[in-house]
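Working notes for the structure below.
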Amino acid sequence: MAEGLPALGWAARDASGHLSPYSFSRSVPKDDDVTIKVLFCGICHTDLHIIKNDWGNALYPIVPGHEIVGVVTSVGSGVSNFKAGDTVGVGYFLDSCRTCYSCSKGYENFCPTLTLTSNGVDGGGATTQGGFSDALVVNKDYVIRVPDGLPLAGAAPLLCAGVTVYSPMVEYGLNAPGKHLGVVGLGGLGHVAVKFGKAFGMTVTVISSSDRKRDEALGRLGADAFLVSSDPDQMKAAAGTMDGIIDTVSAGHPIVPLLDLLKPMGQMVVVGAPSKPLELPAFAIIGGGKRLAGSGTGSVAHCQAMLDFAGKHGITADVEVVKMDYVNTAIERLEKNDVRYRFVIDVAGSHLQGGAA
Ligand code: NAP
Ligand code: ZN
Ligand code: ZN
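In the numbering used here, the protein residues as written are 1062 to 1418.
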């Protein structure tokens, strides 16, 4: 039997979430597979939830990472849409069943047997390992093309953070010039939601847990207004003004004060995934006919459209690029809300065996 591609990454072994070097094998590339050398990989808060087993679904050892940008090193004989040397991205999933209702409707991100890029189970029953590693083997239909000209480290977070906010904005019409969008939580997802909102021509208000990010939100990121969610006067003054809200908060938080910000028939979309349930009193949505939805990542088509849009408008994440030997410190800092606004690992520039590059 053919040997799989030897791979080297960093894995968490238990709920401490501590990462250290880990050798493993990638699957043997098939005719319709693309083999990718990983260049950069973002650190999403989902990686933190997973390695610390916040959601109770950890499959240790876990090589995290699903905000991947890399270069194609080889393609199978059945691949005509990519070739060696292409710059490509891989997001939260790398396969789906292709036959279920969601797959047939073009939102394969909701496929019940979605193969996640990391901490998932592939068709052969093996646990998947993500982009905190040197190489990946991915089916050609789940590889995204990175437009020329986008800086690659800043593009990597778009593969999850970007599409996760872009997809519901497009799906729910929260991409129309002149509409008022609220973005709750100014982290990895939130700051790219602000950038997309502004590029769509919207009025964007950031709703944050403290005053600390006010200047950057209104300055560099171009938001139009900034509210501190714990300040009842500020929240009251903005009540009933927003067409839509994207809630990216990673921890438990009250959503009734957020729903109060919506206009009648306004749409709130929850993308943040705290382990603690959100509380929803029925009257918070009955009065004003408010609408509440969730959304998970985005389809391959949305991801490609999002990256093409980002390429056209020069949108990338604001990143702090680090080497792999800094990853444990980066995760500690992410947990303390101490990053502006996304850590990205320079995987190709790191010494993955451990120690300095
Ligand atoms: P992040 O960079 O850590 O940002 C989360 C932001 O939430 C923080 O910057 C902070 O913003 C706010 N926040 C944190 N703790 C809070 C608290 N106790 N109360 C109120 N606000 C708080 O995380 P991320 O990578 O953007 O991910 C955000 C969430 O989305 C995570 O739960 C992640 O798992 C989830 N996610 C979901 C999907 C999906 O497909 N649905 C995809 C990716 C990520 P302020 O400082 O502005 O308050
Ligand atoms: Zn993510
Ligand atoms: Zn499916």
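All C-beta atoms, glycine included, are put in the ideal place defined by N, C-alpha and C. Note that the coordinates shown come from a computational prediction; the quantities given were computed from them, not determined experimentally.
Original post:
Looking at V1099 and V1330, is the spacing between their C-beta atoms short of 7 Å?
Top reply: no
Subject >> Three-state secondary structure (DSSP) of A1417 >> reply: Model confidence at A1417 stands at a pLDDT of 45, short of 50, so the residue's coordinates are unreliable; what they give is reported in the following sentence. In this structure, A1417 counts as coil in the three-state DSSP scheme.
Subject >> Cut-off 7 Å between Cβ atoms - residues of its own chain near K1259, not counting five sequence neighbours on either side >> reply: V1265, G1283
Original post:
Under three-state DSSP, which class holds V1408?
Top reply: coil
Original post:
What does a CB cutoff of less than 7 Å around W1285 pick up in its chain, not counting 5 residues either side in sequence?
Top reply: Before going on, a small fix: residue 1285 reads as Asp here, not Trp. For D1285, where only same-chain residues beyond five positions count, the Cβ hits under 7 Å are T1264, V1265, T1266.
**OP:** Name, in chain order, the residues that DSSP records as bridge partners for W1071.
**Re:** P1082
Original post:
What's the call for D1195, buried or exposed, on a 16-neighbour Cβ count within 10 Å?
Top reply: buried
**OP:** Tell whether a beta-carbon distance below 7 Å holds between N1180 and I1268.
**Re:** no
Original post:
Three-state secondary structure (DSSP) at P1325?
Top reply: strand
Original post:
For V1231, which residues from the same chain have a beta carbon less than 6 Å from its beta carbon, with the 5 sequence-adjacent residues on both sides left out?
Top reply: none
**OP:** Run the proximity test for A1334: is its beta-carbon closer than 6 Å to any non-hydrogen atom belonging to ligand 1?
**Re:** yes
Original post:
Going by the C-beta, is C1105 closer than 6 Å to any heavy atom of ligand 2?
Top reply: yes
**OP:** Would you please state the rounded distance, in angstroms, between the beta carbons of V1224 and G1152? I believe it to be under 8 Å.
**Re:** 6 Å
Original post:
Got a sec? Which residues, its chain only, sit under 6 Å from G1349 by beta carbon, not counting five neighbours each side?
Top reply: P1325
Original post:
Given 8 Å as the limit, is there contact between the stretch 1358-1370 and the stretch 1386-1394, that is, 3 or more CB pairs closer than that?
Top reply: no
Original post:
Could you check where the beta strand (DSSP E) with D1094 kicks off and where it finishes?
Top reply: 1094-1103
Original post:
Would A1299 pass as a contact of L1288 if the rule is Cβ separation under 7 Å?
Top reply: yes
Subject >> Under 7 Å between C-beta atoms of S1311 and G1333 >> reply: yes
Subject >> Beta-carbon contacts of D1115 that lie in its chain and below 7 Å, excluding the five residues immediately before and after >> reply: S1336
Subject >> Given R1275 as reference, the closest of L1155, V1207, D1294, H1252 once Cα atoms are compared >> reply: H1252
Subject >> When P1125, S1165, K1240, G1139 are compared against T1188, the one with the closest alpha-carbon >> reply: P1125
Subject >> Boundaries of the alpha helix (DSSP H) in which L1155 is found, first to last residue >> reply: No alpha helix (DSSP H) contains L1155, which is instead part of the beta strand (DSSP E) from 1154-1156.
Original post:
Which residues in the same chain have their Cβ closer than 6 Å to the Cβ of H1106, if we skip the five residues on either side of it in sequence?
Top reply: S1311
Original post:
Where the beta carbon is closer than 5 Å to any heavy atom of ligand 3, which residues qualify, in chain order?
Top reply: S1157, C1158, C1161, C1164, C1172
Original post:
What are the complete alpha helix (DSSP H) segments, minimum 4 residues, inside the stretch 1336-1371?
Top reply: 1344-1347
**OP:** Below 8 Å on the Cβ atoms is my guess for C1158 versus T1178; work out the distance and round it to an integer in Å.
**Re:** No, C1158 and T1178 are not in contact; Cβ-Cβ is about 16 Å, not under 8 Å.
Subject >> Nearest-angstrom Cα separation, counted from D1202 out to A1417 >> reply: Unreliable placement is indicated for A1417, whose pLDDT of 45 sits below 50; the coordinate value is still reported in the next sentence. Whole-angstrom Cα-Cα distance: 36 Å.
Original post:
Would you say the beta carbon of C1221 comes nearer than 6 Å to a heavy atom of ligand 2?
Top reply: yes
Original post:
Hey, would you say the C-beta of A1312 is under 6 Å away from at least one heavy atom of ligand 4?
Top reply: Within the structure as shown, ligand 4 is missing, the only ligands being ligand 1, ligand 2 and ligand 3.
Original post:
Counting along the chain, where does the alpha helix (DSSP H) carrying T1225 start and finish?
Top reply: 1222-1232
Original post:
Residue range of the alpha helix (DSSP H) that A1298 falls in?
Top reply: 1293-1298
**OP:** Give the straight-line distance between the Cα atoms of A1254 and E1064, rounded to the nearest whole angstrom.
**Re:** 42 Å
Subject >> Check: H1110 C-beta below 6 Å from any heavy atom of ligand 1 >> reply: yes
Original post:
Counting along the chain, where does the beta strand (DSSP E) carrying D1304 start and finish?
Top reply: 1303-1308
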